[in-house]
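If you read the sequence shown in the numbering used here, its first letter stands for residue 1465, the second for the next number, and so on. Everything on this sheet refers to the single structure shown next.
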Amino acid sequence: MVSARQVWVVLEPRDAVQVRDGRAFEAGGAARTRRPWPSTIAGAIGAAWGGDGQLAAVRGPVLARRDTTTGSWAPGFTVPADVVPTEGPGRVWRRLRPEPSGAITDLDEEGLLWLNAPDAGAFDEHAWWDARAMGAYLSGAELNLRRAVRTSSPVAVEHRVGIARQDRRVRDAHLYSSDFLRLRENASEQWAFAAQCSLLPGQRIPERLGPVRLGGESRLADVRVVQGLDFPPPPEVLPGGRVLVYLVTPGVWRRRGSDGEWRNTWRPSIPANARLVAAAVPSPMPVATARPDGRGGLEQARLRWAVPAGSVYLLEFTGPDPETAALAWASERHGRAWGDGEDNEDRIGRRLATAGFGLMLTGTWS
1465 MVSARQVWVV
1475 LEPRDAVQVR
1485 DGRAFEAGGA
1495 ARTRRPWPST
1505 IAGAIGAAWG
1515 GDGQLAAVRG
1525 PVLARRDTTT
1535 GSWAPGFTVP
1545 ADVVPTEGPG
1555 RVWRRLRPEP
1565 SGAITDLDEE
1575 GLLWLNAPDA
1585 GAFDEHAWWD
1595 ARAMGAYLSG
1605 AELNLRRAVR
1615 TSSPVAVEHR
1625 VGIARQDRRV
1635 RDAHLYSSDF
1645 LRLRENASEQ
1655 WAFAAQCSLL
1665 PGQRIPERLG
1675 PVRLGGESRL
1685 ADVRVVQGLD
1695 FPPPPEVLPG
1705 GRVLVYLVTP
1715 GVWRRRGSDG
1725 EWRNTWRPSI
1735 PANARLVAAA
1745 VPSPMPVATA
1755 RPDGRGGLEQ
1765 ARLRWAVPAG
1775 SVYLLEFTGP
1785 DPETAALAWA
1795 SERHGRAWGD
1805 GEDNEDRIGR
1815 RLATAGFGLM
1825 LTGTWS
């Protein structure tokens, strides 16, 4: 067994994967499939670990690409939501910039700016780019967006049709369709799901990991520890105390209302010495989480709304030395989940963050 504090683990599905989004699925309908949730990956890694399966934190998943020639691994990321294609023919990519607007919405807050660009279209959740492009984006460098953005997704969707059965017979009028996700694999590359695992004090890596069940229908995935994977680094300077936060995974944040009840929100908890300037947040996604009861059933299942991966928040730190304050916060939070600290009074929110929801990278903006 090997001792380590943080290790990268990849899950390589042996077949197409199905992870439903948790909404009701009836006969004659279609099961809506998403990439594995952080809780799905955390549960699979915990099962591979054996014992009680407890880890300090699981941060991911990200899509990871293995170069079959060199054997090296590198992460891929959903294109940030403030990088969008133009509408109409001859599509090009634009970077949204914060600017004042006379429009008013029910989400308005004092000082909150709109993000805008000429001919800006809708966020493309299937577009992605590699770690080099993400590193340049976080550092504030100018990017050739036409070259940086990849529109050929490493995840292919397979549509399948089935029929429900009862007592080993087909049920009338119970036709349904379902989507499965298959990661790209060819002679030059192989894709997998990857996550960074933080170990508990004294915890060791088992000599053998996996295989484990991943998603619906008990599909198997091989699990192994790899070297060389890492997140792009945070910037070394943050002019004006401006911090950009990019979400690697969907974020589930909750706010206590005046009635004392917790409700999902698009807005995470902002540091006391900072203000939210603007945000690029696409449509919310339904996320299903469940807790097994140890007898093949579920003890608890919940459906929550999440801010999708790729969302971007622009912060500006205040005070006598905003750059130092911004650097301290950004360096400490980079590669961690937003809300995983003990200062988060929401116990459920902390647990979701520990499972990988709201994993963020920090950068700068102008």
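By construction, the Cβ of each residue, glycine as well, lies at the ideal position given by its N, Cα and C atoms. None of the values given here were measured: they were computed from a predicted structure.
Rounded Cβ spacing between residue 1599 and residue 1735 (contact assumed at less than 8 Å): Wrong, their Cβ atoms sit about 24 Å apart, outside the cutoff.
Just mark residue 1630 as buried or exposed, buried being the case when its beta carbon has 16 or more other beta carbons within 10 Å. exposed
Considering only residues of the same chain and omitting the five flanking positions on each side of residue 1812, which have a CB-CB separation below 6 Å? none
Beta-carbon separation of residue 1794 and residue 1822 under 9 Å? no
Where residue 1533 falls, given that 16 or more other Cβ within 10 Å makes a residue buried: exposed
Given that a residue counts as buried once 16 or more other Cβ atoms are within 10 Å of its Cβ, and exposed if not, what is residue 1775? buried
Cβ of residue 1470 within 9 Å of Cβ of residue 1654? no
By Cβ distance below 6 Å, which residues in the same chain neighbour residue 1595 in space, the five residues on each side in sequence not counted? 1538, 1539 and 1696
So for residue 1520, helix, strand or coil by DSSP? coil
Note down, one range per segment and in chain order, each beta strand (DSSP E) of at least 3 residues found wholly within the region 1632 to 1659. 1633 to 1647
Using the beta-carbon count (16 or more within 10 Å), is residue 1565 buried or exposed? exposed
Return the residue from the list 1499, 1605, 1603 and 1692 that minimises the CA-CA distance to residue 1750. 1499
Helix, strand or coil: which one does DSSP assign to residue 1812? helix
Backbone CA spacing between residue 1622 and residue 1641 [nearest angstrom]: 10 Å
Those runs of the alpha helix (DSSP H) which lie wholly inside the region 1700 to 1767 and span at least 4 residues: none
Contact the region 1671 to 1684 vs the region 1499 to 1510: 3+ CB pairs below 8 Å: yes
Cβ separation of residue 1505 and residue 1820, assumed to be a contact under 8 Å, to the nearest whole Å: 7 Å
Residue from 1745, 1589 and 1558 with nearest C-alpha to residue 1607: 1558
When DSSP labels each residue in this structure, what does residue 1513 get in the three-state scheme? helix
Name the two residues that bound the continuous alpha helix (DSSP H) containing residue 1449. Residue coverage of the chain in this structure runs from 1465 to 1830, which leaves residue 1449 outside it and unanswerable.
Suppose you measure from the CA of residue 1535 to the CA of residue 1652; what does that come to, to the nearest Å? 10 Å
Tell me which residues share the same chain as residue 1518 and place their Cβ nearer than 8 Å to its Cβ, disregarding the 5 neighbours each side in the sequence. 1510 and 1664
Quick one: using the 10 Å Cβ neighbour count with 16 as the cut-off for buried, is residue 1492 buried or exposed? At residue 1492 the pLDDT is 46, less than 50, meaning the model places this residue with poor confidence; the figure from the coordinates comes in the next sentence. By the neighbour-count rule (16 or more Cβ atoms within 10 Å), residue 1492 is not buried but exposed.
Roughly how far, in whole angstroms, is the beta-carbon of residue 1829 from the beta-carbon of residue 1604, given that I think they are within contact range, below 8 Å? 7 Å
Whose CA, out of 1541, 1480, 1646 and 1530, lies closest to the CA of residue 1692? 1530
Got a sec, what are the start and stop residues for the beta strand (DSSP E) residue 1542 sits in? 1537 to 1542
Distance check for residue 1804 and residue 1782, CA to CA, integer angstroms please. 23 Å
Look at residue 1602 and residue 1699 and say whether their C-beta atoms are less than 9 Å apart. yes
Cβ pair residue 1687, residue 1673 closer than 9 Å: yes
Chain-order list of residues whose beta-carbon lies under 6 Å from that of residue 1745 (same chain, five-residue window excluded): 1730, 1771 and 1775
Look at residue 1706 and residue 1780 and say whether their C-beta atoms are less than 9 Å apart. yes
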